[in-house]
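Q: Listed in order, the protein sequences are those of chains H and L.
Numbering follows the UniProt record's numbering, in which position 90 of the first sequence is assigned residue number 90; successive positions increment by one, without gaps.
Numbering follows the UniProt record's numbering, in which position 651 of the second sequence is assigned residue number 651; successive positions increment by one, without gaps.
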Amino acid sequence: MARVVVDVMLKPEILDPQGQAVQRALPRLGFEGISDVRQGKRFELEVDGPVDEAALARIHDLAESFLANTVIEDFTVKVESEAVVAEASK
Amino acid sequence: MSRTPLDTVEHAAATPDVELPWAELGLKKDEYERIVEILGRRPTGAELAMYSVMWSEHCSYKSSKVHLRQFGEKAPENDALLVGIGENAGVVDVGQGYAVTFKVESHNHPSYVEPYQGAATGVGGIVRDIIAMGARPVAVVDPLRFGAADHPDTKRVLPGVVAGIGGYGNCLGLPNIGGEVVFDACYQGNPLVNAGCIGVMRHEDIHLAKASGAGNKVILYGARTGGDGIGGASILASETFDDAKPSKRPAVQVGDPFQEKLLIECTLEAFAEKLVVGIQDLGAAGLSCATSELASNGSGGMRVTLDDVPLRDSTLSPEEILMSESQERMCAVVEPEKVDRFLEICAKWDVIATVIGEVTDGDRLEIYWHGGKIVDVDPRTVAHEGPVYERPYARPEWQDALQADDAGKLPRPQSAEELKAQVLKLVASPNQASKKWITQQYDHFVQGNTVLAMPEDSGMIRVDEKTGLGVALATDGNGRYAKLDPYTGAQLALAEAYRNVATTGAKPLAVSDCLNFGSPEDPAVMWQFAEAVRGLADGCQQLGTPVTGGNVSLYNQTGEAAIHPTPVVAVLGVIDDVARRTPVAFQEEGQLLYLLGDTREEFGGSAWSQVVHDHLGGLPPKVDLERERLLAEILISASRDGMIDSAHDLSDGGLVQAVVESALLGGKGARLVVPDGLDAFTFLLSESAGRAVVAVPRSEEVRFNDMCGARGLPATRIGVVDGDTIEVQGEFEVTLAELREAHEATIPALLA
Chain H
1 MARVVVDVML KPEILDPQGQ AVQRALPRLG FEGISDVRQG KRFELEVDGP VDEAALARIH
61 DLAESFLANT VIEDFTVKVE SEAVVAEASK
Chain L
1 MSRTPLDTVE HAAATPDVEL PWAELGLKKD EYERIVEILG RRPTGAELAM YSVMWSEHCS
61 YKSSKVHLRQ FGEKAPENDA LLVGIGENAG VVDVGQGYAV TFKVESHNHP SYVEPYQGAA
121 TGVGGIVRDI IAMGARPVAV VDPLRFGAAD HPDTKRVLPG VVAGIGGYGN CLGLPNIGGE
181 VVFDACYQGN PLVNAGCIGV MRHEDIHLAK ASGAGNKVIL YGARTGGDGI GGASILASET
241 FDDAKPSKRP AVQVGDPFQE KLLIECTLEA FAEKLVVGIQ DLGAAGLSCA TSELASNGSG
301 GMRVTLDDVP LRDSTLSPEE ILMSESQERM CAVVEPEKVD RFLEICAKWD VIATVIGEVT
361 DGDRLEIYWH GGKIVDVDPR TVAHEGPVYE RPYARPEWQD ALQADDAGKL PRPQSAEELK
421 AQVLKLVASP NQASKKWITQ QYDHFVQGNT VLAMPEDSGM IRVDEKTGLG VALATDGNGR
481 YAKLDPYTGA QLALAEAYRN VATTGAKPLA VSDCLNFGSP EDPAVMWQFA EAVRGLADGC
541 QQLGTPVTGG NVSLYNQTGE AAIHPTPVVA VLGVIDDVAR RTPVAFQEEG QLLYLLGDTR
601 EEFGGSAWSQ VVHDHLGGLP PKVDLERERL LAEILISASR DGMIDSAHDL SDGGLVQAVV
661 ESALLGGKGA RLVVPDGLDA FTFLLSESAG RAVVAVPRSE EVRFNDMCGA RGLPATRIGV
721 VDGDTIEVQG EFEVTLAELR EAHEATIPAL LA
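Take a look at the structure:
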């Protein structure tokens, strides 16, 4: 089993009200020096079987059609090494 | 940044031969030549950006202007009108020192591309129009039209639009009190998402958009400016000026309702302290529009330093900053000694505010960037003296055939059983079915002043808690009627909205409209538009309700197929005491049902012809505006004097639709008798205009009859509120439970 991570972010030119709210809150809480915050979504998909090109293509499809709203969001797909998965599950 | 050389006015004058992408920005060759002629040189990139957005159909009304003039020329005398067409929104006197401003606009295309954000920012835009007049927004309404209810794309678009409207409005704390939802295959790919807003203020608080007084400061406040909605400007930026930029800018904007809420409170506080000379919201065309309109409506010129505009994205070019449609921004003109206080208020509300320029005593709009002058224009040529087209229009060839295809010839039900089956099919059809699943996603009652909301005939809001003064707003439009005859169709929309306001007991005062049509370059569409405007202007003149403003949305078409011509009309009314309102629901068993008005055999464009025969042809119902006026007077008097306990206007679906709605809402049935001279089918399903059904307490029957008799309004006793069925004597009987199942299950089954 391997884990594939899909990160979904609003496109850079799209307003991110949540990120802005976080950014505005930071100095009030004493955290200085952060000029911008963008907030996104991370999906961790546990894939049955090998993560080959076909599997990645399928994940790309599902990310494009379901996980991300590509009118306003971009996404990236990356495979996390199985070792990391094992590490995390200890 | 490696932007060399900056395209300043000087640079433009020195390099007359540089080719600019005017065609890509949507300008025609003669329009570009006109700009060169006005300036006496080629425009700079920034100037071209401004002209191209301000001279677009959306901002300049270049195709519709010649027709819209009629709203001014035919405007009836009306003492209630405080501010007419041309401002951000019209303002109407509703008495007791209160004024109300209201307007309807479209956000059609963005809502198709990205339903949630498109619809949400549509609400945001209309709300800013209302605050720019100095009014506190108190309610919103949303007339919506989608493709066929069972089309898969409708299931994508509708839930997003509804969630977007609900989300934005709920976050702002504004009740949604009215509107419509209509399905028709003609809106496939071109859904109509119109949004209206009502605002209330005291007379002395009306504000107009203008910049006067040299030395006054121009303050941009609200959200930072980002790359939203500047698809066109990126052409200027990436291809002509700087190839390193991201080439695709989205045409979609994302709104932030909490920022808008701060903007409302901050603006109203600044108004209350009389800190504002002029104000303008930033909507379509963003800063290009706000600066050129403020300057051209004032007495002087304006100088703006674009470097001072707070940016969300530091890579934006000046052209993009001028064209950006980032949401939740406003522009105010403030006297120098009041600037500090204004900025203080903005800081209190956590709203970013920046002085970006000042009013000058010249007559030019000058914009600077990195020390260079990139815009030097007469603001009037940008904002008001755009191109005006007398587009050719012609009655389409198919119009005669369409009108000859008489719906009266369609096969009618042959038996009582068939009639009953058709009635059940009608009340369950998507257009006639209960829209509760949609409207209950909106907050109707936030702020605690909502008196009536969907599915009542019009929304009603209490304006003054002590006196009970209130306003009512109804929106209506029937694309099927307008397709058959645009002149009559527009008047029918007006008549229905007018009637809906009166049915609740309010006196109709003024009109706003949102005119949704196909491409003006098609002479047939242009004819529909011209006819609809003529019909609406004539109708408003006759009813004494002036058009105070509105919006035109053209190019609602895919390929050759235009939407039905769809003029949506909003009528605003006033009621002295909202406690006197008349609801739709039956209140008490034993009350007598009266049908007001005349019923003729009119089935052209009717719901019955659509649901049973999938037919559109013939002529729409006749309009008699004098009759509408009389009916309204009777409904208002009867409400004021307590002679009726419920009332419902008759429109699509006819009498049976109205009775079913009143019965289901009240949980009480009715026994109906077909009046002499009518057959059951016509009685139940004809869509003759100028009618309403009212429930009269027995103790008031004589008085009510006397009033109708004396005023000459036909009033026919058709039955009584009774039991838990709807019985049409001698025809059929159907239980409320069966009707409720038919009426309320349709929409959730299709969309939930």
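Ideal Cβ placement from N, Cα and C applies to all residues, glycine included.
Just so it is clear, the structure is predicted and the values come from calculations on it, not from any experiment.
Is it the case that the Cβ atoms of leucine 316 of chain L and leucine 751 of chain L are separated by a distance below 7 Å?
A: For leucine 316 of chain L and leucine 751 of chain L, no; Cβs fall outside 7 Å.
Q: Nearest to valine 182 of chain L by CA position, among L:Glu741, L:Gln610 and L:Pro110, is which residue?
A: Closest option to valine 182 of chain L, Cα to Cα, is L:Gln610.
Q: Below 9 Å on C-beta distance, what does aspartate 313 of chain L contact in chain H?
A: Within chain H, the residues near aspartate 313 of chain L are Pro12 and Glu13.
Q: Can you tell me the Cα-Cα spacing of leucine 595 of chain L and phenylalanine 681 of chain L, whole angstroms?
A: Each residue's Cα considered, the two are about 15 Å apart.
Q: Let me know if proline 565 of chain L comes out buried or exposed under the rule of 16 or more other beta-carbons within 10 Å of its beta-carbon.
A: Result: buried.
Q: How far does the beta strand (DSSP E) with asparagine 194 of chain L in it extend, from its first residue to its last?
A: That run of the beta strand (DSSP E) goes 192-202.
Q: What are the boundary residues of the alpha helix (DSSP H) that lysine 420 of chain L is part of?
A: Its alpha helix (DSSP H) spans residues 416-428.
Q: Can the beta-carbon of glycine 719 of chain L be found less than 7 Å from the beta-carbon of valine 660 of chain L?
A: No, these two residues do not count as a Cβ contact at 7 Å.
Q: Which of helix, strand or coil does DSSP assign to alanine 664 of chain L?
A: For the sequence presented, residue 664 of chain L should be read as leucine rather than alanine. Correct three-state label for leucine 664 of chain L: helix.
Q: Can you grab the Cα-Cα spacing for the pair tryptophan 201 of chain L / alanine 163 of chain L, in whole Å?
A: The question names tryptophan, but residue 201 of chain L in the sequence shown is methionine. Taking the straight line joining both Cα atoms gives about 29 Å.
Q: Between the UniProt domain "PurM-like C-terminal" (214-369) of chain L and chain H, which residues of the former have a C-beta closer than 8 Å to a C-beta of the latter?
A: Within the UniProt domain "PurM-like C-terminal" (214-369) of chain L, the residues whose Cβ lies closer than 8 Å to some Cβ of chain H are Ala223, Gly226, Gly227, Asp228, Pro246, Arg249, Pro250, Val252, Gln253, Val254, Gly255, Asp256, Phe258, Gln259, Arg312, Asp313, Ser326, Gln327 and Asp350, listed in chain order.
Q: So, is the C-beta of glutamate 531 of chain L closer than 7 Å to a C-beta in chain H?
A: Glutamate 531 of chain L does not count as touching chain H.
Q: If you count every other CB in all the chains shown that lies within 10 Å of the CB of glycine 470 of chain L, and 16 or more means buried, which is it?
A: Buried is the call here.
Q: Does isoleucine 34 of chain H have its Cβ less than 7 Å from a Cβ in chain L?
A: With 7 Å as the cut-off, isoleucine 34 of chain H does not count as an interface residue toward chain L.
Q: Which residues of chain L have a Cβ atom closer than 8 Å to the Cβ of proline 27 of chain H, listed in chain order?
A: Going along chain L, no residue has its Cβ under 8 Å from proline 27 of chain H, so there is no contact; the nearest lies around 12 Å.
Q: Rounded to whole angstroms, how far is the Cβ of lysine 483 of chain L from the Cβ of leucine 619 of chain L, which I believe are closer than 8 Å?
A: The pair is not a contact, with the Cβ atoms about 11 Å apart (cut-off 8 Å).
Q: Find the residues of chain H that neighbour valine 162 of chain L, judging by a C-beta separation of less than 9 Å, and give them in chain order.
A: None at all; the shortest Cβ gap to chain H is about 17 Å.
Q: List the residues of chain H that glutamate 114 of chain L touches, going by C-beta distances under 8 Å, in chain order.
A: Those are Asn69, Val71 and Ile72, listed as they occur along chain H.
Q: Within its chain, find whatever has a CB closer than 6 Å to the CB of tyrosine 32 of chain L; leave out the 5 residues flanking it on each side and keep chain order.
A: Answer for tyrosine 32 of chain L: Trp22, listed in chain order.
Q: Inspect the CB distances between the region 406-422 of chain L and the region 591-605 of chain L and report whether three or more fall short of 8 Å.
A: Result yes; three or more Cβ-Cβ pairs closer than 8 Å.
Q: Go ahead and label methionine 643 of chain L buried or exposed: buried means 16 or more other beta carbons lie within 10 angstroms of its beta carbon, across all protein chains shown.
A: Buried is the call here.
Q: Starting from the C-beta of serine 288 of chain L, find all residues in its chain whose C-beta is less than 8 Å away, skip the five residues before and the five after it, and write them out in chain order.
A: Result list for serine 288 of chain L: Ala49, Met50, Val53, Met54, Leu322, Met323 and Val382, in chain order.
Q: Note the first and the last residue of the continuous beta strand (DSSP E) segment covering asparagine 69 of chain H.
A: It is not in any beta strand (DSSP E) - asparagine 69 of chain H carries neither H nor E in the DSSP assignment.
Q: Glutamate 32 of chain H to glutamine 23 of chain H, Cα distance in whole Å?
A: When rounded, the distance between both Cα atoms is 10 Å.
Q: Evaluate valine 702 of chain L with the Cβ neighbour count: other Cβ atoms within 10 Å of its Cβ, from every protein chain shown; 16 or more gives buried, anything less gives exposed.
A: Exposed is the call here.
Q: What residues in its chain sit with their C-beta under 6 Å from that of leucine 20 of chain L, if we drop five residues either side in the sequence?
A: The residues are Leu48.
Q: Given this structure, state the Cα-to-Cα distance separating glycine 160 of chain L from asparagine 190 of chain L, to the nearest angstrom.
A: Approximately 15 Å between the Cα atoms of the pair.
Q: Run down chain H in chain order and give the residues with a C-beta less than 8 Å from the C-beta of alanine 70 of chain L.
A: First, the residue type needs correcting, since residue 70 of chain L is glutamine and not alanine in the sequence shown. By Cβ distance, chain H contributes nothing, its closest Cβ being about 39 Å from glutamine 70 of chain L, past 8 Å.
Q: Between leucine 592 of chain L and leucine 492 of chain L, what straight-line distance do the alpha-carbon atoms span, to the nearest angstrom?
A: Cα-Cα distance, rounded: 28 Å.
Q: Using the beta-carbon count (16 or more within 10 Å), is alanine 237 of chain L buried or exposed?
A: In this prediction, alanine 237 of chain L has a pLDDT of 44, which is less than 50 and means its spatial position is unreliable; what the coordinates show is noted afterwards. With 16 or more Cβ atoms within 10 Å of its Cβ, alanine 237 of chain L is classed as buried.
Q: Does isoleucine 50 of chain H come within less than 7 Å of chain L when only Cβ atoms are used?
A: Here residue 50 of chain H turns out to be proline, not isoleucine, going by the sequence shown. No, no contact with chain L.
Q: Is it buried or exposed for proline 50 of chain H, if we count other Cβ within 10 angstroms and need 16 for buried?
A: Looking at its Cβ environment, which holds fewer than 16 other Cβ atoms inside 10 Å, proline 50 of chain H is exposed.
Q: To test your reading of the DSSP string, which unbroken beta strand (DSSP E) runs of 3 or more residues are found completely within the region 261-296 of chain L?
A: Entirely contained in the region 261-296 of chain L, the beta strand (DSSP E) runs reaching 3 residues are, in chain order, 278-281.
Q: Could you check the C-alpha separation between phenylalanine 683 of chain L and glycine 597 of chain L for me, to the nearest Å?
A: Distance between the alpha carbons of phenylalanine 683 of chain L and glycine 597 of chain L: 12 Å.
Q: Can you list, in chain order, the residues of its chain whose CB lies under 6 Å from that of alanine 433 of chain L, leaving out five sequence neighbours each side?
A: Within the same chain, alanine 433 of chain L has close Cβ partners His743, Thr746 and Ile747.
Q: Can you tell me whether isoleucine 438 of chain L is buried or exposed, with buried defined as 16 or more other CB within 10 angstroms of its CB?
A: Isoleucine 438 of chain L comes out buried.
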